[in-house]
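The opening position of the sequence shown corresponds to residue 2 in my numbering, with each subsequent residue numbered one higher.
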Amino acid sequence: MPRSPEPIANPTIALRNAIIEQESNGHFWIVNSDSGALGIGQVMPENLKAWSEEALGYSISKEEFLKNPQLQTQIIDYKLAQYWQRALRDSGGKPEESVRRVASQWYSGDPNLYESTTPQFYNGQVYPSVANYTLAVLEKYRSQ
2 MPRSPEPIAN PTIALRNAII EQESNGHFWI VNSDSGALGI GQVMPENLKA
52 WSEEALGYSI SKEEFLKNPQ LQTQIIDYKL AQYWQRALRD SGGKPEESVR
102 RVASQWYSGD PNLYESTTPQ FYNGQVYPSV ANYTLAVLEK YRSQ
């Protein structure tokens, strides 16, 4: 009988690493020319103020964010921990569905779209479907 894979010790760190690999391959200084998404996790600029206030207790500028991969990681980890807890609850504790729900929320803002195969558009540019994105993140997550 085949063994189940071992559970990942720290799922939010594994998720962060998978999302960073998918979004920027670790390049903390990059800005998406279409969306303006920032840094290693490609945080949308309109989220930066609220997310930094939640995670750090104060607001940071785009410039501060892009210069500091440690701050980026701190903010990303804070949000992913929130998303992970919600995804676990909503999935009934299913880890792979939870990963896809978190990736969906990160990518689209809606965790319930994780199976959507509709291509995404932003400023006239075509992006992969939420389902394709979440499956790519899940594959990277599994390889942690």
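Even for Gly, the Cβ is constructed at its ideal location relative to N, Cα and C.
- Distance between E54 and S60, taken at the CA atoms: about 5 angstroms.
- A contact is defined here as three or more CB-CB pairs under 8 angstroms, and the segment 84-101 fails this definition with respect to the segment 117-126.
- A direct Cα-Cα distance of roughly 10 angstroms separates N18 from I77.
- Secondary structure note for F66: its alpha helix (DSSP H) is the uninterrupted segment 63-68.
- Burial state of R101 is buried, judged by a 10 Å Cβ sphere holding 16 or more other Cβ atoms.
- For E98, the CB contacts under 6 angstroms within the same chain, skipping 5 residues up- and downstream, are S92 in chain order.
- DSSP places Q126 outside any alpha helix (DSSP H); the residue lies instead in the beta strand (DSSP E), whose first and last residues are 126-128.
- Nearest to E47 by C-alpha distance, out of S62, L136, T13, is S62.
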